[in-house]
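Residue numbers (my numbering): 2 to 201.
Set out below in structure tokens:
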């Protein structure tokens with residue numbers, strides 16, 4: 002129940018502080034060795050955490066934004082572009098090509114992602130129209146497609162989290178994803194089509 006919200010958040014904050022302390026030690030060590038300034042450092046997460054946002058805890062059971070919208074922080078050599086925020090989409094599958102770009106190697110043809118930076122240092126992700134996510138954990142089998150203004154989620158029947166088979170959210174009017182507009186039918190045919198293509 003939601004009475005655990007404060008202690009659960011406190012425990013999570015303590016994990017963040019622990020990680021922050023050890024990242025600081027890593028960065029100090031790189032500086033002492035003269036490696037920090039020229040380094041590319043990429044920080045991300047494989048998932049977010051649910052704090053009763055949709056009457057649940059933990060992670061791995063939903064594809065709501067509190068679990069799939071995670072940070073992607075990149076420190077470039079010489080601190081280029083320091084402090085600049087890019088609000089366009091980036092995906093985990095873009096990490097490999099991005100790091101290969103800074104290593105001076107091109108991405109392999111079979112890689113689906115793209116380097117997030119061009120040779121001139123400009124961002125390349127402005128043309129990413131949607132992100133796809135999937136999950137298969139504890140009999141919650143989920144797939145979703147998200148654009149800037151909407152998300153569609155499909156779930157397996159009889160999933161323990163009690164997801165509807167189809168969910169659709171207007172992320173402009175309902176950024177917390179609380180009002181399912183699908184009502185058993187498709188509310189965004191173009192996203193349904195994208196999802197069908199991704200799950201073939």
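Heads up, the beta-carbon is just placed ideally off N, CA and C, and yes, glycines get one too. This structure is a prediction, so every number in the text was calculated from the model and none was measured.
For the candidate residues the options, whose alpha-carbon lies nearest to that of residue i?
{"i": "residue 79", "options": "165, 42, 100, 120", "result": "42"}
{"i": "residue 133", "options": "92, 23, 122, 61", "result": "92"}
{"i": "residue 199", "options": "83, 174, 135, 37", "result": "135"}
{"i": "residue 90", "options": "82, 104, 74", "result": "74"}
Start and end of the alpha helix (DSSP H) containing residue i?
{"i": "residue 99", "result": "96–103"}
{"i": "residue 92", "result": "Taken as a continuous stretch (DSSP letters only), residue 92 belongs to no alpha helix (DSSP H), as it is neither H nor E."}
{"i": "residue 196", "result": "190–199"}
{"i": "residue 155", "result": "It is not in any alpha helix (DSSP H) - residue 155 instead sits in the beta strand (DSSP E) that spans 151–156."}
Is the beta carbon of residue i sitting closer than 7 Å to the one on residue j?
{"i": "residue 137", "j": "residue 114", "result": "no"}
{"i": "residue 88", "j": "residue 117", "result": "no"}
{"i": "residue 189", "j": "residue 165", "result": "no"}
{"i": "residue 182", "j": "residue 153", "result": "no"}
{"i": "residue 65", "j": "residue 55", "result": "yes"}
{"i": "residue 67", "j": "residue 49", "result": "yes"}
{"i": "residue 122", "j": "residue 112", "result": "no"}
Quick check on the DSSP output: the beta strand (DSSP E) that includes residue i runs from which residue to which?
{"i": "residue 133", "result": "132–138"}
{"i": "residue 145", "result": "141–147"}
State the Cα-Cα distance for the pair residue i and residue j, rounded to the nearest angstrom.
{"i": "residue 141", "j": "residue 69", "result": "15 Å"}
{"i": "residue 13", "j": "residue 180", "result": "27 Å"}
Report the three-state DSSP secondary structure of residue i (helix, strand or coil).
{"i": "residue 85", "result": "coil"}
{"i": "residue 178", "result": "coil"}
{"i": "residue 53", "result": "coil"}
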